[in-house]
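In the UniProt record's numbering, the protein residues as written are 1 to 537. Following: one structure in structure tokens, then a few remarks.
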């Protein structure tokens with residue numbers, strides 16, 4: 001579905017306004033790119049040393065003396081990620097202003113995304129599902145999956161509650177949140193009487209994508225995912241992956257694009273506070289009564305200070321995009337007492353982070369069996385949620401594996417209880433790998449990295465009302481990220497890119513400048529039959 005560009009002039013007038021984009025992840029990169037393509041002067045401020053946010057990468061020295069790129073783990077670039085692919089497509093050589101999203105949903109990344117031929121799911125006990133030969137067009141994709149699946153069977157479907165399942169057939173935003181945000185994913189599946197084996201493999205995989213236990217995840221997010229990947233789109237569940245580590249494949253080329261656009265990319269700089277100038281606030285709607293700007297307090301490391309020292313800097317901007325994760329947004333809002341009203345600030349303060357998760361990357365001295373897939377989702381194997389064989393598709397890992405005659409594997413454990421001993425979780429995931437791929441039991445470990453994180457947004461039951469929207473009461477202060485509410489049906493990386501573009505569009509409208517068109521899966525059920533059935537509920 002095309003969301004047309006908001007109308008306006010093709011370019012800002014001189015003197016060009018100056019905008020700060022706080023956060024160098026997907027949302028911030030999208031906002032900075034979209035603003036700069038319309039002539040806005042942009043500073044992209046990122047507190048870490050590298051761009052990419054939760055998809056950043058950094059070098060690490062292995063025990064064998066070689067250098068590898070470590071990251072926070074595997075990410076699937078689904079083919080429904082139209083706006084993310086449009087952003088990545090902007091790094092394909094030299095583009096004129098307004099390219100990419102202005103010409104349609106992008107293919108993305110100039111060939112640096114390569115397809116995986118399957119997305120297999122394996123349950124302890126032997127059940128194995130595949131999406132490789134499933135039709136893509138709704139509703140035949142769902143019927144084809146049922147016909148081929150050993151877990152999602154016709155007898156199992158016969159025991160489901162049709163009336164309870166009707167919300168799956170016609171998903172609309174924000175109506176899905178009004179209906180289902182007060183229900184957990186587990187409670188919803190219980191109402192539907194969804195078969196337990198199929199639940200583990202089909203729906204729990206979705207909830208794990210949010211790094212959340214389905215007992216705590218809002219059913220609205222789960223049902224929205226079902227719409228995006230099954231009944232709302234024809235791209236299915238197959239996806240692409242970067243052919244090289246994130247920085248090389250994605251962010252370095254995009255940074256070069258930003259440099260050509262004149263964006264000032266500043267890494268290692270943290271924004272401590274944002275203060276609206278007098279006249280910045282508007283209570284009468286976007287674009288009405290705006291004036292003033294914002295004063296930002298920045299902090300960066302300086303060689304003139306010790307390790308604990310910071311060099312403070314104060315800069316003024318005409319507009320600000322807050323493209324932060326939930327904890328970063330909370331911290332900045334807490335340090336900026338003049339931002340927003342009480343209700344908005346209270347909602348931000350109540351945002352939650354998903355439980356901790358583990359990414360373990362192993363460099364092994366022998367290869368896994370030739371038939372192992374590049375990615376395998378698992379259920380019933382202790383803390384282990386999936387296994388990636390990186391040397392199947394990532395160039396850097398493949399080159400290391402060829403040199404050493406080994407393999408590079410990545411293990412994920414999501415939604416780990418906070419009271420669990422982390423060393424024990426790491427050891428358990430490694431032992432479960434040997435159950436999944438027995439040949440790894442005797443493999444020697446050349447090196448290993450364990451990456452623990454807890455900074456993904458949590459979408460708990462009843463939490464939708466607290467999530468900020470793109471716009472705020474300050475017309476030139478906007479918010480972007482995968483935690484942000486949007487009327488476009490999207491999730492995860494695509495929601496980050498989408499709201500980044502929306503944030504830029506909102507600012508551009510205040511200067512009378514044309515925005516960027518966006519794409520999404522349809523906002524309702526794909527067929528009249530499904531929509532009619534849904535109305536029965």
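Beta carbons: idealized from backbone N, C-alpha and C, even for Gly.
Cα-Cα separation, residue i to residue j
i           : j           : result
residue 518 : residue 498 : 7 angstroms
residue 396 : residue 187 : 43 angstroms
residue 124 : residue 85  : 35 angstroms
residue 459 : residue 46  : 25 angstroms
residue 25  : residue 80  : 19 angstroms
residue 232 : residue 166 : 14 angstroms
residue 36  : residue 392 : 37 angstroms
residue 112 : residue 241 : 8 angstroms
residue 449 : residue 348 : 33 angstroms
residue 119 : residue 180 : 28 angstroms
residue 359 : residue 164 : 36 angstroms
residue 461 : residue 521 : 24 angstroms
residue 211 : residue 411 : 14 angstroms
residue 312 : residue 274 : 14 angstroms
residue 259 : residue 13  : 21 angstroms
residue 500 : residue 236 : 25 angstroms
residue 8   : residue 65  : 56 angstroms
residue 126 : residue 387 : 16 angstroms
residue 39  : residue 76  : 32 angstroms
residue 419 : residue 264 : 42 angstroms
residue 214 : residue 132 : 26 angstroms
residue 463 : residue 325 : 16 angstroms
residue 369 : residue 71  : 25 angstroms
Cβ neighbour criterion (16 or more within 10 Å) applied to residue i
i           : result
residue 383 : buried
residue 314 : exposed
residue 343 : exposed
residue 468 : buried
residue 278 : exposed
residue 67  : exposed
residue 128 : exposed
residue 115 : exposed
residue 33  : buried
residue 405 : exposed
residue 57  : buried
residue 2   : exposed
residue 49  : exposed
residue 161 : exposed
residue 421 : exposed
residue 371 : exposed
residue 361 : buried
Per DSSP, the bridge partner or partners of residue i
i           : result
residue 70  : 58
residue 3   : 518
residue 505 : BP columns for residue 505 are empty, so no partner.
residue 164 : Paired residue(s): none; residue 164 is not in a bridge.
residue 223 : DSSP output for residue 223 lists no bridge partner at all.
residue 315 : 296
residue 412 : 359, 386
residue 239 : 78
residue 115 : 240
Residue i, DSSP secondary structure in three states
i           : result
residue 287 : Caution is warranted here: a pLDDT of 40 is assigned to residue 287, below 50, making its placement in the model unreliable, and the coordinate value is therefore given only provisionally. Correct three-state label for residue 287: coil.
residue 264 : strand
residue 233 : coil
residue 553 : Residue numbering for the chain in the displayed model covers 1 to 537; residue 553 lies beyond these limits and cannot be assessed.
residue 432 : helix
residue 395 : helix
residue 80  : coil
residue 472 : coil
residue 171 : coil
residue 300 : strand
residue 439 : helix
residue 364 : strand
residue 457 : strand
residue 194 : coil
residue 16  : coil
residue 377 : strand
residue 48  : coil
residue 447 : strand
residue 43  : strand
residue 177 : helix
residue 400 : helix
Closer than 8 angstroms: residue i CB and nearest the ligand GTP heavy atom
i           : result
residue 424 : Summarising the ligand content, the structure contains no ligands, and the ligand GTP is consequently not present.
Interface flag, residue i vs chain D, CB-CB below 9 angstroms
i           : result
residue 441 : As a matter of chain content, chain D is missing from the structure shown, which is built from one protein chain.
Mind the definition here: the stretch 5-19 touches the stretch 315-332 only if three or more C-beta pairs lie below 8 angstroms; say whether that holds. yes
With three or more beta-carbon pairs closer than 8 angstroms as the criterion, would you say the stretch 373-383 touches the stretch 429-439? yes
Assess, as a yes-or-no matter, whether the stretch 470-486 is touched by the stretch 415-433 under the definition of 3 or more beta carbon pairs within less than 8 angstroms. no
Three or more C-beta pairs under 8 angstroms: does that hold for the stretch 354-369 against the stretch 450-459? yes
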